[in-house]
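Beneath this line is the structure, given in structure tokens, with notes to follow.
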Amino acid sequence: MKHFVLASHGNFAAGIMDSLELIMGPQSNFEAFCAYRDGKNDIKDRVRAIVDAKKPEEDLIIVTDVFRGSVNNEFMNYTDRSGIYVIAGMNLALLLELQVNQDMDSVTMIRAAIRSAQETILFCNEKSEVQDEDF
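Counting along the sequence shown from 1, when you hit position 133 you're at 133 in this note's numbering, and nothing is skipped either side.
Written as structure tokens, this is what we have:
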């Protein structure tokens with residue numbers, strides 16, 4: 001079993017989770033962690049509570065908004081624990097890939113989702129027009 005935490009500075013995590021659920025329906029094993037919205041700058045206790053709530057039989061997959069940001073750094077403190085994985089660079093394509101491939105082994109799923117999501121980040125002005133093919 002997998003549990004996903006979408007973690008961000010501000011409300012980004014809640015917003016992208018709303019988009020995920022708009023497309024895929026309610027997600028009982030996803031939750032949003034919106035840091036620094038309660039007027040408190042210390043997120044250590046909230047992060048520790050999320051990590052400590054992990055069940056032994058589940059994998060906890062944390063997707064953060066930006067690598068080396070304070071939210072990512074706090075979750076990175078727990079990557080030495082079994083079954084805890086942290087991904088940086090949250091976007092909707094990544095979340096969709098994770099959601100539809102939950103039956104895969106966690107490491108394989110994460111690597112595949114990252115590869116797929118990277119292919120969706122494009123400078124569209126530089127993409128050539130799609131050519132009509134003759135049949």
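We put the CB at the ideal spot given by N, CA and C, even for glycine.
- By the CB criterion at 9 Å, Thr64 and Val86 fall inside the cutoff.
- Under the three-pair Cβ rule at 8 Å, the region 46–60 does not count as touching the region 12–20.
- The C-beta distance from Leu60 to Gly89 rounds to 18 Å, too long to fall under 8 Å, and the pair is not in contact.
- Taking the CA atoms as reference points, Gly10 sits about 13 Å from Asn72.
- Here the alpha carbon of Phe12 sits roughly 7 Å from the alpha carbon of Cys34.
- Within the same chain, and ignoring the five residues on either side of Gln102 in sequence, the residues whose Cβ sits closer than 6 Å to its Cβ are Lys2.
- DSSP places Ala88 inside the beta strand (DSSP E), whose first and last residues are 84–88.
- Judged by DSSP secondary structure, Thr108 falls within the alpha helix (DSSP H) whose first and last residues are 106–118.
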